[in-house]
Structures are given as structure tokens and as C-alpha cells.
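Comments concern the structure below.
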Amino acid sequence: MENKNDGKIKEFKEVGKIERVEEAGKVEEVVKTEGIEEVGEILKISETIYKCDKDLIEKSIIDARNKGIDDKYIIKGISIGLSKISDSISDDELFMPQAGVATKVVDSLMDEFGKDAFENNGKTIIIGTVEGDVHEIGKTLLSILFKTSGFKVYDLGTDVSKEEFIEAVKKYDADLLSLSALMTTTMNMQKEIIEELKEKSLRDKLLVMVGGAPVTKEWAKEIGADLYAEDATGAVKIAKEALGVK
Ligand code: B12
10 MENKNDGKIK EFKEVGKIER VEEAGKVEEV VKTEGIEEVG EILKISETIY
60 KCDKDLIEKS IIDARNKGID DKYIIKGISI GLSKISDSIS DDELFMPQAG
110 VATKVVDSLM DEFGKDAFEN NGKTIIIGTV EGDVHEIGKT LLSILFKTSG
160 FKVYDLGTDV SKEEFIEAVK KYDADLLSLS ALMTTTMNMQ KEIIEELKEK
210 SLRDKLLVMV GGAPVTKEWA KEIGADLYAE DATGAVKIAK EALGVK
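Quick note on the numbering used here: the sequence shown kicks off at 10 and runs consecutively.
Spelled out as C-alpha cells, the structure:
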């Protein structure tokens, strides 16, 4: 298969404390306040993630650890790389199987980071793909980006029933419920879940966000969801705004 992705992160307008600007074919990295070594490692990790190569991703993270780089910088690299993947899928620059590889590798590494490595913005998100739907790549990408952005995340996986979502909302006292559906045949579950939340009087203090390839802003409005985003980076931004966190 042709590889559309050359592995180069071409432009970061503003990502955390690093600015990368491409001018006349030359990439300039403008470092605001981070130490030089950390920035180099952050960029290395983000680029291996964007290259979607399992071995390179693992190696870049192990290397950074061996150099004593703090996990919070490693997580920043992961976040930058996955955000770029999300943007590239939207722009049709990246093949889905590649995104699937990167997401799976990163997901399998997430448990290695201690709780203290993540920022904590005090808000809790429950995420899952709705019942009857096993598509997990976009949902997992979003789940990791929520985690690396400071949210406490409970990822219920795929093919999650209405009842399981409701139980989790109660159990974890969630601030936001994030429902992914990748098929026109399963989108309706998002509606059913919102109706069930209303019936169980759980709707008022909870924001519901819907998304997935067939989901539109109009659908979100029609079923009474609070939030919609087209892709994972947009979802993080919108969730932060809606919940009033930085
Ligand atoms: C990979 C894939 C599979 C894989 C899934 C592997 C896995 N572990 O996830 C496998 C092979 C298992 C599969 C199975 C099936 N698939 Co499929 N699959 C796809 C495919 C090619 C890519 C999906 C994907 O991973 N995209 C990459 C990720 C990153 O993108 P994404 O999921 O869209 O997520 C982004 C956004 O949508 C958004 N997002 C996602 N979730 C959420 C949630 C929220 C809250 C927000 C805000 C945003 C958000 O952010 C993400 C990143 O930016 C799509 C085609 C397509 N172009 O979408 C078909 C597709 C979704 N599949 C389809 C079908 C029909 C099936 C099957 C029924 C096929 C079959 N006959 O068996 C089964 C269904 C199984 C089931 N019960 O779910 C159809 C659905 C058609 C429809 N009815 O709408 C599609 C559209 C293909 C097609 N053109 O026909 N599939």
C-alpha cells in the first residue's frame, strides 16, 4: 500500500509550549519555556507516533525514559502526535490502518504512566462506542487525547450497552458522556441513551457529546446532545470550553 505519510510533522502552530513554524520549506522550532532536552524528546515521540510505526514509537518512549525524561513530557509528545494524526485523517493525508496502529500501540502503553504523570483538571469523562458497533480506533484516539489533556477518563470500550453507560455515569459521577457511533445503523443508540438519561433524571448535570463519521451537527441537535465535534482534536477543545477548564 502506498504510504501517504512521510513521517514529518510539517506544522504546529501552537502546541503547548512549543511552536513549530514552516517557512520557505524550513522548519523552525520555537521553544517558549521548556528545557531543550525535553523539547527534543517531545518532538521525537510525536514524530514516531505520526509515522505510525510500532517499533519506533516504543523505542522513542523507552529512549526518553532511559534519559530520565519526565513522563509528563512523554505524554505531551503522545498528545501532539495523536492530535496530528486526528487532523491528518480529517485532511485525508493519512491512511486509517496507520492511525489504527499508532492508536493501538499508544493505548497499550498508557497504563505504564503513573497517575501523577497526567495533569488533572478535575473533570471526568466517560467514553465508549455504542451497542452494536465495534469500531474503536477513533474512540480510542479521542479517549487518549482526553487523558493527555487532563481529564479523568473511563473508557468503556466498544459495543457498550445503554445500561452500561448509565451505570458508569452514576458510578463515576461523570461531567461528560462521550458517545461514538461509526455506522448509520448504530447512531440511533446515541438518541436512546440520551432518552434513558432523561428518564433516569441523570441528564441535567451531565453534558453529552456525540461523534463518529456519520454523525453530524444536525443529528446532535435533533437528538438533544449538548456537544458535537467532527474530530478528536476538536472534541478536546470543545469539551474544555464547555466544562470551563484550560
Ligand atoms: C476500520 C473499519 C472497520 C474495522 C474496525 C476495526 C476497529 N478495531 O476499530 C472492522 C473491520 C472491524 C469493521 C467492521 C465493520 N464495518 Co467498518 N469501517 C472501518 C473504516 C474503514 C474505518 C473506521 C476508522 O477506524 N476510522 C479511523 C478513525 C480514526 O476515524 P473515526 O472512527 O471516524 O473517528 C474520528 C471521528 O469520527 C471522530 N470521532 C469518533 N468517535 C467520536 C466520538 C465523539 C464523541 C466525537 C466528538 C468524535 C468522534 O474522531 C475520530 C478521530 O478524529 C470505516 C470507513 C470510514 N471511512 O470511516 C468502515 C465503516 C465504518 N464500516 C462499515 C461497516 C458496514 C462495517 C461492518 C458492518 C462490515 C461487515 N459487513 O461486517 C462491520 C461492523 C462491525 C460492527 N458491528 O461494528 C461502514 C458503515 C456504513 C454505515 N452503515 O454507516 C463503513 C463506513 C465502511 C463503508 N463505507 O461501508 N470496520
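Just so it is clear, CB atoms sit at the ideal spot from N, CA and C, and this is done for glycine as well.
Collapsed DSSP secondary structure at Val254 in the structure displayed: Secondary structure at Val254: coil, using DSSP grouped into helix, strand and coil.
Which class does Gly259 belong to by DSSP, given the choice of helix, strand or coil? With the chain running from 10 to 255 in the structure shown, residue 259 is simply not present.
Span of the alpha helix (DSSP H) around Met198: Annotation: the continuous alpha helix (DSSP H) that includes Met198 extends over 197-208.
With Thr133 as the anchor, note down where its beta strand (DSSP E) starts and where it stops. Start and end: 133-138.
Cβ neighbour criterion (16 or more within 10 Å) applied to Ser210: Exposed: under 16 other Cβ atoms inside 10 Å.
I need the boundaries of the alpha helix (DSSP H) containing Gly109, first residue and last residue. Gly109 -> alpha helix (DSSP H) spans 105-118.
Could you give the residue range of the alpha helix (DSSP H) that holds Asp64? It spans 63-75 - the alpha helix (DSSP H) in which Asp64 sits, taken as one unbroken run.
Would you call the stretch 193-213 and the stretch 52-69 touching, i.e. three or more CB-CB distances under 8 Å? Output reads no: the stretch 52-69 does not touch the stretch 193-213.
Return the CA-CA distance between Ala229 and Phe127, expressed in angstroms with no decimal places. Pairing Ala229 with Phe127, the inter-Cα distance amounts to about 30 Å.
Between which two residues does the alpha helix (DSSP H) holding Val178 run? Per DSSP, Val178 belongs to the alpha helix (DSSP H) from 171-181.
For the ligand B12, is there any heavy atom lying closer than 7 Å to the beta carbon of Ile58? Not so, every heavy atom of the ligand B12 lies at least 7 Å from the Cβ.
Spatial distance of Val143 from Lys53 (CA atoms): Their Cα atoms are separated by approximately 32 Å.
Through-space distance from Glu239 to Met105, alpha-carbon basis: Here the alpha carbon of Met105 sits roughly 16 Å from the alpha carbon of Glu239.
Burial state of Asp100 (16 or more Cβ within 10 Å): A residue is called buried when at least 16 other Cβ atoms come within 10 angstroms of its Cβ; Asp100 does not meet this threshold and is exposed.
Who does Met218 pair with in a DSSP beta bridge? Met218 pairs with Ser187, Leu236.
Lys81 beta carbon less than 8 Å from that of Glu50: In this structure, Glu50 lies away from Lys81, with their beta-carbon atoms at least 8 Å apart.
According to DSSP, which residues form a beta bridge with Asp142? Asp142 pairs with nothing; no bridge assigned.
What's the C-alpha gap between Ile89 and Ser55? If I take the Cα positions, the gap works out to 6 Å.
Ignore the nearest five residues each way along the sequence and tell me which others in Leu215's own chain have a CB closer than 8 Å to its CB. Setting aside the 5 residues that flank it on each side, Leu215 is surrounded in the same chain by Val178, Ala183, Asp184, Leu185, Leu186, Leu206, each with a C-beta closer than 8 Å to its C-beta; the list follows chain order.
Which value, in whole angstroms, describes the spacing of the CA atoms of Val39 and Asp96? Any reading at Val39 must be qualified, since the residue scores a pLDDT of 45, below 50, and its modelled position is unreliable; the value itself is stated next. In a straight line, the C-alpha of Val39 is about 21 Å away from that of Asp96.
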